[in-house]
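This report refers to the structure that appears directly beneath it.
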Amino acid sequence: MLKFLFLFFLLIFSTAYASPLDDLKKQTKEPLYFSVPIQSYKIVKKGNNINLKVKLSPYSITAMTDRPYRQKKAIRPEEFISYIREKQQKDLIFTLTIQQNGQPFIINFKKQNTVYSASKDEVVFENIQIPKNVSDQIGDIKSFKGANAVLIVEG
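Just so it is clear: in the sequence shown, position 5 is -8 by the numbering used here, and no numbers are missing.
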């Protein structure tokens, strides 16, 4: 009887602390999507390397499934960072949407290393690979920065 009670409480305790992201991962084998509000960003170009530093917004990140049906859940930044680190060797697709000269400017990139600073809520994507046409639009600018962007992640 005591063993049964122990297992019962263990089951309740473990399910009570399941994260929303874990729930979504269990519901689909398809890629997850994330909508990440960005408070500020900075793109730095050093030779052929491009780094993107983003400061996460204090608002929650939205994680979504697409199939078998759409479901959304709010997750913490730590869960998002943990997910992209876990999938680092996989093909994650990142889309940063920013405003440049009053127009939306979209930067797609993949194949990155990430560094996360929890104290600053900053994520640095190192050595991002962006398409040539976007790189050409950035041109010889060594760095540029801005505020209020959105990062979409698929994978």
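From the three backbone atoms N, C-alpha and C, an ideal C-beta is built for every residue, glycine too.
Item: CB contact flag (L39, Y28, <8 Å); Value: yes
Item: Local conformation of E185 per DSSP, three classes; Value: Since the first residue shown for the chain is -12 and the last is 142, residue 185 is missing from the structure and cannot be characterised.
Item: Proximity to A105 [Cα-Cα], best of P45, K77 and K97; Value: P45
Item: Alpha-carbon to alpha-carbon, K59 and N114; Value: 30 Å
Item: Segment limits, beta strand (DSSP E) that includes S130; Value: S130 to E141
Item: DSSP three-state assignment for Q58, whether helix, strand or coil; Value: strand
Item: Per DSSP, cross-strand counterpart(s) of S22; Value: T49 and I139
Item: CA-to-CA distance, T101 to E66, given in whole angstroms; Value: 14 Å
Item: Under 8 Å between C-beta atoms of F96 and I117; Value: yes
Item: Pick from L19, S6 and T84 that is closest to I71, judged by C-alpha positions; Value: L19
Item: Unbroken alpha helix (DSSP H) run spanning L8, endpoints; Value: P7 to Q14
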